[in-house]
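Only one structure is covered here, and it is reproduced in the block below.
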Amino acid sequence: MTNETLTNLVRDMATGAIRVVDLSVPLDENTQVIGLPEEFEQSPGFKLERISQYDDKGPAWYWNKISCGEHTGTHFDAPGHWVTGKDYNDGYTDTIAPEKLIAAANVIDVSKESAEDADYVLTADKVKAWEAEHGAIEAGTWVLMRTDWSKRTGADFLNIDENGSHCPGPSPDCIEYLVKERDVLGFGVETVGTDAGQGFHFDPPLPAHTLMHGNNKLGLASLTNLDQLPPKGAVIVTPPLKIVNGSGSPLRVIALAP
Ligand code: 23J
Ligand code: MN
Numbered sequence: 003m004t005n006e007t008l009t010n011l012v013r014d015m016a017t018g019a020i021r022v023v024d025l026s027v028p029l030d031e032n033t034q035v036i037g038l039p040e041e042f043e044q045s046p047g048f049k050l051e052r053i054s055q056y057d058d059k060g061p062a063w064y065w066n067k068i069s070c071g072e073h074t075g076t077h078f079d080a081p082g083h084w085v086t087g088k089d090y091n092d093g094y095t096d097t098i099a100p101e102k103l104i105a106a107a108n109v110i111d112v113s114k115e116s117a118e119d120a121d122y123v124l125t126a127d128k129v130k131a132w133e134a135e136h137g138a139i140e141a142g143t144w145v146l147m148r149t150d151w152s153k154r155t156g157a158d159f160l161n162i163d164e165n166g167s168h169c170p171g172p173s174p175d176c177i178e179y180l181v182k183e184r185d186v187l188g189f190g191v192e193t194v195g196t197d198a199g200q201g202f203h204f205d206p207p208l209p210a211h212t213l214m215h216g217n218n219k220l221g222l223a224s225l226t227n228l229d230q231l232p233p234k235g236a237v238i239v240t241p242p243l244k245i246v247n248g249s250g251s252p253l254r255v256i257a258l259a260p
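Using the working numbering, you'd call the opening residue of the sequence shown number 3 and step up by one each time.
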């Protein structure tokens, strides 16, 4: 690295030689949140209440109160979100090393498969086939599963029927491969959660949560615009709010793409 490396970076961003892509969805009361099986406590959605808006409550200023579950909209899953990751001291929103919050991304496109099968499962074999074409996934990088699910609107996004939610996600052997053989930083998706809609029925249940967080790995959910990223070469910037002991938080995810 030279003295110019960082100034070259921002110059290339300013000229458009490096594209800046927003991977986040808007946050408002319509932002969709996960529904859990009915025996469990549910997450509230996003709520915004005005404090003042250039009025008698505050004549020259506008501001709001906000509230939501930590896992609302485009959001970060910290290792401590899951019981398997609860003992990592550096696994909460305030303790994750900042170096982990800017990293390279591998984008695996399974949008066609997901369009044909809402319960499409990304397997280790599929990841290995992707690596044969695009190169190995390096340690400390993100794997982002492109499904184009973020293009779905209304009820088609959660896609719930009498058997629960039908959204694509990773298999247990996929997550095991990414953790054990590739030592990835984390796993990100366009769907409402990092696990498949039917992931409660996998063995182990919810492998992206159970195995990723059990190995101090991170998650990103409700991403959008993954179709604007190359398979390799992008870098994503993902700092969650520094909530003390937080399990995650909504965030703005920004990608830098060649
Ligand atoms: C709580 C319980 C189960 C799940 C989740 C949250 C998520 O998907 C999440 O947003 O982390 S599966
Ligand atoms: Mn989450």
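All C-beta atoms, glycine included, are put in the ideal place defined by N, C-alpha and C.
- Contact check between the region 227-238 and the region 46-65: fewer than three CB pairs, one atom from each, fall below 8 Å, which does not count as touching.
- Assignment of Q34 by DSSP, reduced to helix, strand and coil, places it in the coil class.
- In the DSSP annotation of this structure, the continuous segment of the beta strand (DSSP E) that includes E51 starts and ends at K49 to D57.
- Per DSSP, F159 is one residue of the alpha helix (DSSP H) stretching across A157 to L160.
- Rounded to whole angstroms, E51 and K234 show a C-alpha spacing of 41 Å.
- Not one heavy atom of ligand 2 sits closer than 6 Å to the Cβ of H211.
- Exclusion of the five residues before and after K128 leaves I110, V112 and C176 as the residues of its chain whose Cβ lies within less than 8 Å of its Cβ.
- In the DSSP assignment, N108 falls outside any alpha helix (DSSP H) and lies within the beta strand (DSSP E) extending over I104 to D111.
- The beta carbons of L253 and L25 sit no closer together than 7 Å.
- Taking 8 Å as the upper bound for CB-CB distance, A210 and I238 are not in contact here, some 17 Å apart.
- Residues of the same chain with a CB within less than 6 Å of the CB of I104, apart from the 5 flanking positions on each side, are V239 in chain order.
- Scanning the region 142-186 for uninterrupted beta strand (DSSP E) segments of 3 residues or longer gives 144-148, listed from N- to C-terminal end.
- Of all alpha-carbon atoms in I98, A259, N108 and N165, the one lying nearest the alpha-carbon of I139 is that of N108.
- In this structure, D79 has its CB closer than 6 Å to one or more heavy atoms of ligand 2.
- For A138, the secondary structure class from DSSP, reduced to helix, strand or coil, is coil.
- The nearest non-hydrogen atom of ligand 2 is less than 6 Å from the C-beta of G250.
- In the three-state reduction of the DSSP assignment, R254 falls in the coil class.
- Taken through DSSP and simplified to helix, strand or coil, V27 comes out as coil.
- By the beta-carbon neighbour count (other beta carbons within 10 angstroms, threshold 16), T155 is exposed.
- With a cutoff of 7 Å on beta-carbon distance, L187 and T143 are scored as near each other.
- In the DSSP assignment, the residues bridged to G60 are D57.
- Relative to ligand 1, the nearest heavy atom lies less than 6 Å away from the CB of I36.
- Between ligand 1 and D121, a heavy atom-to-CB distance of less than 6 Å is absent.
- By the criterion of a C-beta distance shorter than 7 Å, G87 is surrounded in its chain by P81, G93, H215, G216 and N218, once the five residues flanking it on both sides are discounted.
- In this structure, T95 places its C-beta atom within 7 Å of the C-beta atom of P242.
- With fewer than 16 other CB atoms across the displayed protein chains lying within 10 angstroms of its CB, E101 is exposed.
- Counting the other CB atoms within 10 Å of its CB gives I68 a total below 16, which places it among the exposed residues.
- Taking 6 Å as the cut-off, the C-beta of A117 does not count as close to any heavy atom of ligand 2.
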